[in-house]
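Quick note on full-length UniProt numbering: the sequence shown kicks off at 1 and runs consecutively.
All residues carry an ideal CB built from backbone N, CA and C; glycine is no exception.
Computed from a predicted structure; not experimentally measured.
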Amino acid sequence: MIAPARDVHIIGVGSCTPDRVLTNKDLEQIVDTSDEWITTRTGIKERRIADPNTPASALATEAARRALKDAGIDGTEIDQIIVGTVTGDRPFPSTACLVQDRLGAKKAYAFDISAACSGFLYALSLARTQVASGAAETVLVIGVETLSKIVDWTDRNTCVLFGDASGAVVLRSTGQPGGILSTKLHSDGALTNLLEMPGGGSLHPASHETVDKRLHYIRMSGNDVFKYAVRAMESVACEALEAAGLKPEELDLLVPHQANYRIIDATARRLGLPMEKVFVNLDRYGNTSSASIPLALDEAKRQGRLKPGSLVEMVTFGGGFTWAAAVVRW
Ligand code: ACO
1 MIAPARDVHI IGVGSCTPDR VLTNKDLEQI VDTSDEWITT RTGIKERRIA DPNTPASALA
61 TEAARRALKD AGIDGTEIDQ IIVGTVTGDR PFPSTACLVQ DRLGAKKAYA FDISAACSGF
121 LYALSLARTQ VASGAAETVL VIGVETLSKI VDWTDRNTCV LFGDASGAVV LRSTGQPGGI
181 LSTKLHSDGA LTNLLEMPGG GSLHPASHET VDKRLHYIRM SGNDVFKYAV RAMESVACEA
241 LEAAGLKPEE LDLLVPHQAN YRIIDATARR LGLPMEKVFV NLDRYGNTSS ASIPLALDEA
301 KRQGRLKPGS LVEMVTFGGG FTWAAAVVRW
């Protein structure tokens, strides 16, 4: 007989952003751009940039500590750590293993997953199955990016969009109703070239030539990504709601990936949601990829926008392409 699945709740949330702020005005000194262009095309006003000595693991560990404190537990209680990132400290070992060591999470096993801006929701979905099945009691899920380190600071098409941050949640079964009600994940590997960092892997291992060709930086076909993002975010948001037996109008809060205000606005319109029900903080952080949703979730909680019983949906789209959504009864 298959054991009934357990409820899975988010019992703690935390985030961390570097201190250094880079404003649109600052960017005017770096590339041929303007505060007006960046604001009207994206909604971004400023972003945070990690200093040269701060790798992803440092931001991830701090967000994790804050999430554990919020949950009222310590590292020794964690069974599993999953980090969603495309800018980990090194290609290997995983950033999750570095975090495990720093938290003293002796009994946890740890690994990273690569799903670009969908990394956090992919990790959350996987973690949910572990807790629901009883394979793990307590799971730490982290989204972290130091995109500033792979941004081409001579390319105005991309360098104005991204920032650095981390966010984390702790999952556990509480025996209470609610928690994570549904998750839906999708990928389309036919579209890899529209958003990528071509160099540094086994296709183009690092060499003088790959550096000269600037292959170690983000490349993006912004217009194409934009069109796919709006369609995919609407459809996966509806799919996850349907799986939970809910309709968009029942949502208290939508927490979308913070890539572009126009994408968020279009997604909200398609779902018939007023912007008062949509959480937006990209004006202060830009696109922080897999960190964007847990960072937004943490801010929403601290602003009192996530109360016990609130119905919240998270939805994202990113390189791969990958897209995903999760519905949670807080
Ligand atoms: N400042 C001034 N002008 C600029 C800038 C800039 N920073 N960047 C581009 N331009 C110019 C272009 O050169 C172009 O000029 P031209 O007409 O003379 O050729 C003009 O502005 C229009 O460029 P578009 O690319 O058509 O501008 P668009 O309105 O599409 O906005 C943007 C670009 C903001 C990138 C948008 O397409 C977008 O947000 N795309 C989605 C990005 C995204 O969501 N990514 C999510 C996933 S990220 C991840 O997974 C890591």
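Please check the pair residue 251 and residue 313, which I expect to be a contact at CB under 8 Å, by giving their CB distance rounded to whole angstroms.
5 Å
Residue 47 and residue 164: beta carbons closer than 9 Å?
yes
Contact set for residue 259: own chain, Cβ-Cβ below 6 Å, skip 5 residues either direction
287
When the Cα atoms are used, what is the spatial distance from residue 151 to residue 162?
8 Å
Other residues of its chain near residue 123: CB distance less than 6 Å, five sequence neighbours each side excluded:
Within the same chain, residue 123 has close Cβ partners 82, 84, 113, 141.
Ends of the alpha helix (DSSP H) at residue 159?
156 to 159
Please classify residue 322: is it buried, with 16 or more other beta-carbons within 10 angstroms of its beta-carbon, or exposed?
buried
In chain order, what are the residue ranges of uninterrupted beta strand (DSSP E) at least 3 long that sit wholly in the stretch 114 to 167?
138 to 146
Just verifying my parser: in three-state terms, what is the DSSP assignment at residue 208?
helix
Which one of 146, 282, 290 has the shortest CA to CA distance from residue 45?
282
For residue 89, the nearest candidate out of 146, 219, 138, 236 (CA to CA):
146
Less than 8 Å between the CB of residue 16 and some heavy atom of the ligand ZN, yes or no?
The ligand ZN is not among the ligands present in this structure, which contains only the ligand ACO.
Can you tell me whether residue 112 is helix, strand or coil according to DSSP?
Here residue 112 sits in strand by DSSP.
Same chain, Cβ closer than 7 Å to residue 153, neighbours up to 5 away in sequence not counted
Contacts found: 30, 159.
With three or more beta-carbon pairs closer than 8 Å as the criterion, would you say the stretch 4 to 11 touches the stretch 175 to 193?
yes
Any heavy atom of the ligand ACO closer than 8 Å to the Cβ of residue 116?
The answer is yes for residue 116.
Can we say the stretch 184 to 195 touches the stretch 12 to 26, given the rule of at least three CB pairs closer than 8 Å?
no
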